[in-house]
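One structure below.
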Amino acid sequence: MKKSSIKQLVYALLAAVVAFAVSFWISYKSAENDSADSDLIIVKKQSVLEIVAQLKSMLPMEFGTGIIWTDVTCENDVVIYDYIYSDLYASDVDQDTIDWVIANDKQEIINKQVAVYDSNKDTKDWIDSLIENRYKVQYRYCDCEYEYIYSFTIYPSDWEDALEWR
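So in this note's numbering, spot 9 of the sequence shown is number -4, and the numbers just go up one at a time.
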């Protein structure tokens, strides 16, 4: 595999964390507009959908690393972030590298968010909403021709476990 392919996949770590941080900032803005009279669970479910809609309006977003955040959707109980590698072909990537990136990317996102859980209201509200409403967050990556490379999912139980061990 080309050295640049590994470098691009590793940049996915940074891109995913940045995307997650942006969603928290927007969640704060959305929460400001929520009515205090509303049922808490319904508001949080609506907030997830509102956040997705707000994020979608800002896309595509290029991170300057060859990774472009192209879409965010919500299907049932899954928030899906879609990315493309602008300079990478799926055929250039071997399975060992993909496995490594998946494990590290997922853990990096969880670790970064749990680290600021108590100090960042936006992060806390977003993670709490995902847990309470049993939303999963899926990250999907494609190559420059929109051919699927890999994906991973963060489950509510992943957040719960990480928060328990902090």
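Glycine is no exception: its CB is placed at the ideal position from the N, C-alpha and C atoms.
Counted within 10 angstroms of its Cβ, other Cβ atoms place residue i as buried (16 or more) or exposed
i: residue 100; result: buried
i: residue 65; result: exposed
i: residue 172; result: For residue 172 there is no data in the structure shown, the boundaries of the chain being -12 and 153.
i: residue 44; result: exposed
i: residue 113; result: buried
i: residue 135; result: exposed
i: residue 144; result: exposed
i: residue 117; result: buried
i: residue 105; result: exposed
i: residue 34; result: buried
i: residue 70; result: buried
i: residue 124; result: buried
i: residue 146; result: buried
i: residue 36; result: exposed
i: residue 128; result: buried
i: residue 122; result: buried
Supposed close pair residue i, residue j - CB separation, criterion 8 Å
i: residue 68; j: residue 87; result: Incorrect: roughly 20 Å between the Cβ atoms, too far for contact.
i: residue 93; j: residue 139; result: 5 Å
i: residue 54; j: residue 97; result: About 19 Å separates the two Cβ atoms, so there is no contact after all.
i: residue 115; j: residue 76; result: About 39 Å separates the two Cβ atoms, so there is no contact after all.
Which of helix, strand or coil DSSP assigns to residue i
i: residue 119; result: helix
i: residue 151; result: helix
i: residue 60; result: strand
i: residue 88; result: helix
i: residue 16; result: With a pLDDT of only 48 at residue 16, under 50, the local geometry of the prediction cannot be trusted, and the value read off the model is given with reservation. Residue state, collapsed to three classes: helix.
i: residue 21; result: Annotation note: pLDDT 45 at residue 21 (below 50); position unreliable, no value reported.
i: residue 49; result: strand
i: residue 26; result: Residue placement at residue 26 is flagged as unreliable, the pLDDT there being 48, under the threshold of 50; the coordinate-derived value follows with that caveat. It is coil, neither helix nor strand.
i: residue 105; result: coil
DSSP beta-bridge partners of residue i
i: residue 100; result: Bridge partners of residue 100: none, in fact.
i: residue 71; result: 55 and 129
i: residue 65; result: 62 and 123
i: residue 142; result: According to DSSP, residue 142 bridges with nothing at all.
i: residue 135; result: 129
Beta carbon proximity, residue i to chain B, threshold 8 Å
i: residue 45; result: The structure shown has no chain B; it contains just one protein chain.
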